[in-house]
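Sequential numbering of the sequence shown, starting at -8, is according to the working numbering.
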Amino acid sequence: MIASGWRYWDALPRAGPGARGTGWPVALPLPGCRAWGFLLQVKFREEAIVRVCVLASGSSGNCTFVSSGGTRILVDAGLSRKEIINRLNAIGEDPRKLDAILISHEHTDHVSGLPFFAASLKIPVYLTRDTAPAIDWGEYQARVEPFQAGSRLAVGELEIDTFTVPHDAADPVGFTIRAHGVKIGLVTDLGYIPDSIKFHLRGTNLLILESNHDLEMLKVGPYPWAVKQRVMGRKGHLSNDVVFEFIRGEMDTSTSLLVLGHISEHNNHPELVRLSAQQALAGRELFTRLVIAEPRRQTEVFEL
Ligand SMILES: [Zn+2]
Ligand SMILES: [Zn+2]
């Protein structure tokens, strides 16, 4: 039977001995028919799903997986090579298929596994010109792709914007990543949120943001006073209160998924972060989904 350029098959083979068909009509467009374009679009959309998993977040290690279609990257590599491989395998990803690693800054919790991991897999490492020499590469030779903070990078299907963040490192950056109409923001390790970063985070669908410490817990906590000052300083880390104000006042309504991470194990608690952020979201009547990235376990895989 032929109708409007589509060919109908009444019996797709069914599995199993003696099975003759599904009983459901199956339609495929004839060669050259415009309907192929539609089917290809559907297929393309299927493969274009953006997948994100925060493999680790916090002072014991930071690493996030992002993929779209055939492109797979890591942002930061602050776990051992073995642990990165284990956590990638746990979400069904093959480390050998990674296309690149982006590095935000040289602090150990973001690069501890980088030299060995990147050298053994021979994948390019994108990082700023001043960050590269600040890393102890040891005996390993990685393929370094330096960039200027503020520049735009293209890695496969991913369009990546980089921007300076206020933090006590050589040349720290945050990232937004765009693919197939989805925008992801990754901003951890910063002392405050300047307007320039708020601008970059406009239109973000998934935002991974630091909510590092509770101010009261930090003040009475175990850190020496100099370290406390550093954490609270303009080049330190974001407190729950600062994140509360950001969510309540300026987070874009486009942000349908908010992942809060880089939570201090000594000066914060995941439930405090959740309560504070939930209050801020409720105040704006936003229906943003809130996820807390706990320090020692990976999040679910987010598909957008
Ligand atoms: Zn960090
Ligand atoms: Zn840092």
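Note that CB positions come from ideal geometry on N, CA and C, so glycine has one too. All figures in this text were calculated on a predicted structure; none of them were measured in a lab.
Open item on the list: Please classify E291 as buried or exposed, where buried requires at least 16 neighbouring CB atoms within 10 angstroms.
Closed with: Here residue 291 is taken as the residue at index 300 of the sequence shown, counted from 1. Exposed, since its Cβ has fewer than 16 Cβ neighbours within 10 Å.
- [ ] Mind listing, in chain order, the continuous beta strand (DSSP E) runs of no fewer than 3 residues lying wholly within the stretch 74 to 124?
- [x] Within the stretch 74 to 124, the complete beta strand (DSSP E) runs of at least 3 residues are 91 to 93 and 115 to 119.
Open item on the list: Just to confirm my understanding: we take E241, look at its own chain, exclude 5 residues before and 5 after, and list those with CB closer than 6 Å. What are they?
Closed with: Taking the sequence shown and counting its residues from 1, one reaches residue 241 at position 250. Taken in chain order, the residues that qualify are K189.
Open item on the list: Buried or exposed, going by whether 16 or more other CB atoms sit within 10 Å of the CB of P213?
Closed with: Position 222 of the sequence shown, counted from the first residue, corresponds to residue 213. In the assembly as shown, P213 is an exposed residue. Its beta-carbon has fewer than 16 other beta-carbons within 10 Å.
TODO: Say yes only if the C-beta of H374 is nearer than 8 Å to one or more non-hydrogen atoms of ligand 1, and no if none qualify.
DONE: The chain is shown only over -8 to 295; residue 374 falls outside these bounds and no answer can be derived.
Task: Classification of V211 by the beta-carbon crowding that lies within 10 angstroms, buried from 16 upward - done: Translated into the one-based positions of the sequence shown, residue 211 becomes position 220. With a 10 Å radius around the Cβ and a threshold of 16 neighbouring Cβ atoms, V211 comes out exposed.
Open item on the list: Residues around ligand 1, please: the condition is that the C-beta lies closer than 7 Å to some non-hydrogen atom of it.
Closed with: With the criterion CB distance below 7 Å from any heavy atom of ligand 1, the matching residues run S50, N53, H98, D100, H101, T179, D180 and H253 along the chain.
Open item on the list: Does K174 come out as helix, strand or coil in the three-state DSSP assignment?
Closed with: Working through the sequence shown from its first residue, we reach residue 174 at position 183. In the structure shown, K174 sits in a strand (DSSP, three-state: E or B).
Open item on the list: Can you tell me whether P286 sits near ligand 2, meaning its C-beta is under 8 Å from at least one heavy atom of the ligand?
Closed with: Translated into the one-based positions of the sequence shown, residue 286 becomes position 295. Judged by the Cβ position, P286 fails to qualify as a neighbour of ligand 2 at the 8 Å threshold, every heavy atom of the ligand being at least this far.
TODO: Kindly indicate the opening and closing residues of the alpha helix (DSSP H) around E236.
DONE: The residue labelled residue 236 in the question sits at position 245 within the sequence shown. Segment N231 to G240, the alpha helix (DSSP H) holding E236.
Open item on the list: What does DSSP give as the partner residue(s) for H204 in the beta ladder?
Closed with: The count along the sequence shown starts at 1 and reaches residue 204 at position 213. Note: H204 sits in a beta bridge opposite S230.
Task: Rounded straight-line distance, which links the Cα of N203 to that of V43 - done: As a position in the sequence shown, residue 43 is number 52, starting the count at 1. As a position in the sequence shown, residue 203 is number 212, starting the count at 1. Each residue's CA atom was taken as its position, placing V43 and N203 some 21 Å apart.
Task: Stretch pair the stretch 142 to 158 + the stretch 176 to 192: three plus CB contacts closer than 8 Å - done: With a cut-off of 8 Å, the stretch 176 to 192 and the stretch 142 to 158 count as touching, because enough Cβ pairs lie within range.
Task: Coarse secondary structure for E130, derived from DSSP in three states - done: Within the sequence shown, residue 130 is the residue found at index 139, counting from 1. Correct three-state label for E130: coil.
- [ ] Using the DSSP secondary-structure output, state which residues sit across from E136 in a beta bridge.
- [x] Taking the first residue of the sequence shown as 1, we reach residue 136 at position 145. When DSSP reads this structure, E136 sits in a beta bridge with Y117.
- [ ] Look at the alpha carbon of W15 and the alpha carbon of H171, and state the distance between them as a whole number of angstroms.
- [x] As a first step, residue 15 must be located in the sequence shown, where it is residue number 24. As a first step, residue 171 must be located in the sequence shown, where it is residue number 180. Only weak support is given to the placement of W15: the predicted model assigns it a pLDDT of 41, under 50, and the question is left unresolved by the model.
- [ ] Taking only heavy atoms of ligand 2 into account, decide whether any of them is closer than 8 Å to the Cβ of A160.
- [x] As a first step, residue 160 is located in the sequence shown; it is residue number 169 there, counting from the start. Yes, the Cβ of A160 comes within 8 Å of a heavy atom of ligand 2.
TODO: Tell me whether P213 counts as near ligand 2, meaning its Cβ is closer than 8 Å to at least one heavy atom of that ligand.
DONE: Against the sequence shown, residue 213 aligns to sequence position 222. With a threshold of 8 Å, the Cβ atom of P213 does not count as near ligand 2, since no heavy atom of the ligand is closer than that.
Task: Reduced DSSP category for V57 - H, G, I as helix; E, B as strand; rest coil - done: Here residue 57 refers to the residue found at position 66 of the sequence shown. When secondary structure is reduced to three states using DSSP, V57 falls in the strand class.
Task: Which of helix, strand or coil DSSP assigns to F278 - done: Mapped onto the sequence shown, residue 278 falls at position 287. Residue state, collapsed to three classes: coil.
TODO: Could you name the residues of the same chain whose beta carbon sits closer than 6 Å to that of S48, not counting the 5 residues immediately before and after it, in chain order?
DONE: Residue numbering aside, residue 48 sits at position 57 when the sequence shown is read from its first letter. Around S48: G252, H253 and A284.
Open item on the list: Measuring only from the beta carbon, is P163 closer than 8 Å to any heavy atom that is part of ligand 2?
Closed with: Counting from one through the sequence shown, the residue named residue 163 turns up at place 172. At least one heavy atom of ligand 2 is nearer than 8 Å to the Cβ of P163, so yes.
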